[in-house]
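S.K.: Please read through the structure below; I'll follow up with questions.
In UniProt numbering, the protein residues as written are 1 to 124.
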């Protein structure tokens, strides 16, 4: 729990008490001061809550990243084993897929044939 939340809650309750005392005494200045202190405490409390939420989100993201990093080798190994099993089960299909991918890459990487520049015929 963030210290801003604790201090903000204390200010909020002190402002409520000051506002109540201003109401009972009929003093508008004390009442306004209490409302201002209560609003400041509420804002500080919300700021502390936001800081806590950001800290929790950062901790969660860090733990997810750490887990993903630690398990990345296992995931890669499992994917490689599954791919090699598919190739062993159907070698002709794997060869056709690899050939199709190679053909598509060759089409994408080749440049179109250069056309000769247009010949302009001038008629005199």
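Beta carbons: idealized from backbone N, C-alpha and C, even for Gly.
Pull up the distance between the alpha-carbon of residue 33 and that of residue 68, whole angstroms please.
M.R.: 52 Å
S.K.: With DSSP run on the structure shown, which of helix, strand or coil describes residue 119?
M.R.: coil
S.K.: Would you mind reading off the limits of the alpha helix (DSSP H) that contains residue 57?
M.R.: 28-89
S.K.: Provide the residue span of the alpha helix (DSSP H) that contains residue 5, from first to last.
M.R.: 3-25
S.K.: If you run the structure through DSSP and keep just helix, strand and coil, what is residue 94?
M.R.: helix
S.K.: To the nearest angstrom, how far is the alpha carbon of residue 10 from that of residue 23?
M.R.: 20 Å
S.K.: Using 8 Å as the threshold, is the C-beta distance between residue 15 and residue 48 below it?
M.R.: no
S.K.: Which of the three DSSP states, helix, strand or coil, is assigned to residue 106?
M.R.: helix
S.K.: In angstroms, rounded to a whole number, what distance separates the CA positions of residue 70 and residue 76?
M.R.: Between residue 70 and residue 76, the C-alpha separation is close to 11 Å.
S.K.: With burial defined as no fewer than 16 other Cβ atoms inside 10 Å of the residue's Cβ, what is the status of residue 19: buried or exposed?
M.R.: buried
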